[in-house]
Structure formats: C-alpha cells, structure tokens
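Worksheet: the structure to be examined is printed underneath.
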Amino acid sequence: MLAYIIRRLALMIPTLLGIMVINFVIVQAAPGGPVEQLIAQVTGTAVDATARIGGAGGGETGSQKAQTTSANVSSKYRGAQGLDPDFIKEIEKLYGFDKPAHERFLMMMGNYLKFEFGDSFFRDQAVVDMVMDKMPVSISLGLWTTLLVYLISIPLGIAKAVRDGSRFDIATSAVIIVGYAIPSFLFAVLLVILFAGGSFWDVFPLRGLTSENWAQMSWPDRIIDYFWHLTLPIISMVIGGFATLTILTKNSFLEEINKQYVLTARAKGLTENRVLYGHVFRNAMLIVVAGFPSAFVGILFTGAMLIEIIFSLDGLGLLGFEAVIARDYPVMFGTLFFFTLMGLILNLIGDLMYVAIDPRIDFERQDVG
10 MLAYIIRRLA LMIPTLLGIM VINFVIVQAA PGGPVEQLIA QVTGTAVDAT ARIGGAGGGE
70 TGSQKAQTTS ANVSSKYRGA QGLDPDFIKE IEKLYGFDKP AHERFLMMMG NYLKFEFGDS
130 FFRDQAVVDM VMDKMPVSIS LGLWTTLLVY LISIPLGIAK AVRDGSRFDI ATSAVIIVGY
190 AIPSFLFAVL LVILFAGGSF WDVFPLRGLT SENWAQMSWP DRIIDYFWHL TLPIISMVIG
250 GFATLTILTK NSFLEEINKQ YVLTARAKGL TENRVLYGHV FRNAMLIVVA GFPSAFVGIL
310 FTGAMLIEII FSLDGLGLLG FEAVIARDYP VMFGTLFFFT LMGLILNLIG DLMYVAIDPR
370 IDFERQDVG
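Here the sequence shown is numbered in my numbering, starting from 10 and rising by one per residue.
Put into structure tokens, the structure is as follows:
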C-alpha cells in the first residue's frame, strides 16, 4: 500500500502541472485580460485605477499621459488607441505582462510550489487571506450539505431496495424525480419567497452566515444563530443533491441482494437484518462511502455559487466568479492550484477508503493509470 501511495503522489505532479498549463493557455487566449480591464477603466470614469500606477517617472500622472498621446498609436490591446505607449508598458509591468507568457507561467508555478499565491490585482489583498476569509462559508455549506445528503440518501436507498416495486418505492421515486428536476437555485428562490420575507413569511435571514451581534451572543445562541442562517441555503442544496446518491445506493443494494451469497446466508437461517447489514451492507456501500471525499469537493467548489449569490453568502463560489469576471489572475490561478491539489489528495483518500471498507481490495496488484 505504501508503494501505491507513493506512485499516486508522484502522479499528482504531472496531473497538476497539466491542469495548470491547459487553464493558463485558455485564459491567456481569452480577451479582456487585466491590462484591458484597467485600460477600460482609464478611458472611462474610473479615476482610482490610474492612481495605482500614476506618478511614476517625472511626476506626470497616468491620466495626464493618456491625454497627451496621439490618437494614431497602435496597440495590441482593445480600447488602447490614443493612449501613450509608455503608459501601456507601465500597466503591463504592473501586472507582469512585460514578460513572455512562458516566463510568467514558470515564475507563477515556482511561487506556487512555495505556496506563495501573491496578491489580488484589484483588491490589494493577499490571495491566501481572501481564500481564508471566504472558506468558512463554503466549508459550512459543503460539509453540512454532504452530511445531510448522505444521512438521507443511504437509509432511503436501502429502504427502496428492500421494498423494490412497492408503493413506498414508487412514491419516493416520484419525490426524487421532482427534486432532481428542480435546480437548486430555483428552489432557493422559492424558499426566499416563502420564508425569507419575499411574499409570505419572514422567518429566516437572507444575508450572511451569522448575525451582526454574533460576537456578543452566548455560545448556545451562537450555534442557533449559525444554523438559523444556514437552514435555507442547505435545504436548497440538499434537495438537488440527494437524488443521484439515493438511486446509486438502491441499485448497489439490489445488485448485492440478488447474488448467490445472500441466498446462501438466508438459507442458513440468518435474520433479514443480519443478512442485510452484516453481509450486503459492506459490499453495497463500498462505492457510496468511498465517494464521500469527491462528493464533498464537488459540493464545496462547484455547487454553491448561485446559492451564495441568492442568500448573500460571501464564499469561494462568489469569489471565483468575481475573479473570472474581473480577470483577477492571481485569484483565479491561485485558487485553481490550491483546490486542484486538494481534489487530488481527497481522491487518494477516497481510494484508501475502499481498502478501509473492504480489506480484500489490493491496489498493489493493480496498475496505476
């Protein structure tokens, strides 16, 4: 097992590098980079943007340079016509675009290997500080949603498998289909209308993870306030997340129940609960339980952006969306590197959980690919 873990860790290096290279190339080719973003602000009404780079070289501000340029200056940046070439070079230097793309990539990866993610282009804040500031919201949503999805889906899937074809199975399947068909963000809007002061009851808050006076509350009141704010967002995410896992659990149990060893166990006189939970459960739940790390990563980093926007929760989903819109490359690539590395490690943990659940599995005999 140790050799398998070492091989997997070694494979993470080219995998992570490949992901970073592909995304770097795509982002560099996309129009509207940070230089163009700042040029748009300079040529528009944003005065603060020029103040960040103005004043260098002789005391002439960036806006003054822009006004003294020739309209015939050609530039590789859209919207830069009429701006002084020296001013454009100053912006490029500010964002590191005075170097070739391959040099910027190598410098970026060298810093990332030391876990130095730099500062945001537009927020004057370290990327690590921004991520740590948003992390509690996303972890709260991801962790509680994943736990609830598993706590609901596994018992429900087992009950559906045992009662396959019954009225209970049909009725719950109808509920699952409805829950799967309704997007989580649409269900969130419905909850807001019903319970957050939309048109009916004003029961739950609509902003933030905690109340403004949370620090002055006692610990029991803090816990209540915390879950009070999370109730609607988590319900919205659970509704759309439990359907797939429930069907997977049901199908896994049905496959195991129809196998010969189950018939043999029943023939020996074992009780149904002993057969179900002593023999079937371990084999049927292998793929379900071992997939917990990847399910958590999926919910944490991909499923909460719209929920965060609807309920005004300032988490990682909203941070990533704003970084893409603003072309804030340090935030985009820094979070991509960190979360990709986390995803690869959690996938390895998922494989190790297979062995923990079923010791008969031996990855040493399998080719890693």
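Using N, Cα and C, we set each Cβ at its ideal position, and we do this for glycine too.
This one's a predicted model, so the numbers in the text were calculated from it and none came from an experiment.
According to DSSP, residues forming a beta bridge with residue i
i             : result
aspartate 211 : Ala205
alanine 304   : According to DSSP, which records beta bridges pairwise, alanine 304 is partnered with nothing at all.
aspartate 128 : Ala135
Reduced DSSP secondary structure (H/G/I, E/B, other) of residue i
i             : result
aspartate 107 : coil
alanine 276   : helix
leucine 328   : helix
leucine 322   : coil
arginine 336  : coil
alanine 39    : coil
Own chain, CB closer than 8 Å to residue i, minus 5 neighbours either side, in chain order
i           : result
leucine 355 : Pro302, Ser303, Phe305, Val306
leucine 239 : Ser149, Leu150, Trp153, Leu218
Beta-carbon proximity check, residue i vs residue j, cutoff 9 Å
i              : j                 : result
valine 158     : phenylalanine 251 : yes
alanine 197    : isoleucine 319    : yes
valine 297     : valine 284        : no
methionine 116 : glycine 105       : yes
proline 43     : phenylalanine 124 : no
valine 30      : phenylalanine 126 : no
alanine 335    : glycine 324       : no
leucine 345    : asparagine 120    : no
serine 193     : leucine 315       : yes
tyrosine 234   : arginine 17       : The question names tyrosine, but residue 234 is aspartate in the sequence shown. No, these two residues do not count as a Cβ contact at 9 Å.
leucine 353    : leucine 25        : yes
isoleucine 48  : isoleucine 15     : no
Contact set for residue i: own chain, Cβ-Cβ below 7 Å, skip 5 residues either direction
i              : result
serine 162     : Phe251, Leu254, Thr255, Thr258
serine 129     : Val136, Met139, Asp337, Pro339, Val340
isoleucine 167 : Thr258, Phe262
arginine 380   : One cannot answer for residue 380 here, as it falls past the ends of the chain, which runs 10 to 378.
arginine 176   : none
alanine 110    : Gln37
glycine 41     : Arg336
Residues near residue i in its chain [Cβ-Cβ closer than 6 Å; skip 5 each side]
i                 : result
phenylalanine 213 : Phe204, Ala205, Thr240, Leu241
threonine 77      : Caution applies to threonine 77, whose pLDDT of 40 falls short of 50 and renders its modelled position unreliable; the model cannot decide the point.
alanine 170       : Lys259, Phe262, Leu263
May I have a chain-ordered list of the beta strand (DSSP E) segments no shorter than 3 residues that lie completely inside the segment 229-255?
none
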